[in-house]
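Only one structure is covered here, and it is reproduced in the block below.
Residue numbers (full-length UniProt numbering): 1 to 159.
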């Protein structure tokens, strides 16, 4: 089963790389299709418990999504790359990926998702580094405070 999933993942990576190639008739890379293939490869690697390869595939998906200017999906892929590090018990290494995803969520205009990602990161690191967990929780609370302040400001415009 695992070997079959790994082979399937490699097929998806080959398809993704083909989507990124240009030629005389194809002038621009197809980042959308490549991102989809990298995502499929990442899931196959994840199912085969090849977490390092899954992380790499998620990061390549994120690059393609960034090229497409779809920041939300790029952030999701980066967050998933961080989760692959969690599966490898590399919590301190996972946190920067989740923080980067949070910044991309904020840039995309989805602060709720950013706060949830920070909360998840805090829960991951809490048993190992309580100080970092508190910092992440405070950042998550800060995201909600900014959103609340913006909401109150908008409300005051109409009153």
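Just so you know, even glycine gets a beta-carbon here, dropped at the ideal spot from N, CA and C.
Local Cβ density within 10 Å of residue 16, reported as buried at 16 or more and exposed below that:
buried
Helix, strand or coil for residue 122, going by three-state DSSP, please let me know.
Three-state result, residue 122: helix.
Could you check the C-alpha separation between residue 84 and residue 103 for me, to the nearest Å?
19 Å
What residues in its chain sit with their C-beta under 7 Å from that of residue 47, if we drop five residues either side in the sequence?
5
Which ranges would you report for the beta strand (DSSP E) in the stretch 49-77 if only whole runs of at least 3 residues count?
If only uninterrupted beta strand (DSSP E) runs of at least 3 residues are considered, none is enclosed by the stretch 49-77.
Under 8 Å, with one C-beta from each stretch per pair, do the stretch 60-76 and the stretch 84-96 reach the 3-pair mark?
No, because fewer than three Cβ pairs between the stretch 60-76 and the stretch 84-96 fall closer than 8 Å, the two stretches do not touch.
Please name the residue in 142, 95, 105 and 100 whose C-alpha comes closest to that of residue 133.
For residue 133, the nearest C-alpha among the options comes from 95.
Between which two residues does the alpha helix (DSSP H) containing residue 13 stretch?
2-20
Using only the alpha-carbon positions, how far apart do residue 29 and residue 126 sit?
The alpha-carbon atoms of residue 29 and residue 126 are separated by roughly 42 Å.
Residue 51 versus residue 130: straight-line alpha-carbon distance, rounded:
26 Å
Cβ-Cβ distance between residue 41 and residue 78 below 8 Å:
no
Mind checking whether residue 38 and residue 57 have CB atoms under 8 Å apart?
yes
Helix, strand or coil, according to DSSP, for residue 135 in the structure here?
Correct three-state label for residue 135: helix.
Counting along the chain, where does the alpha helix (DSSP H) carrying residue 47 start and finish?
31-47
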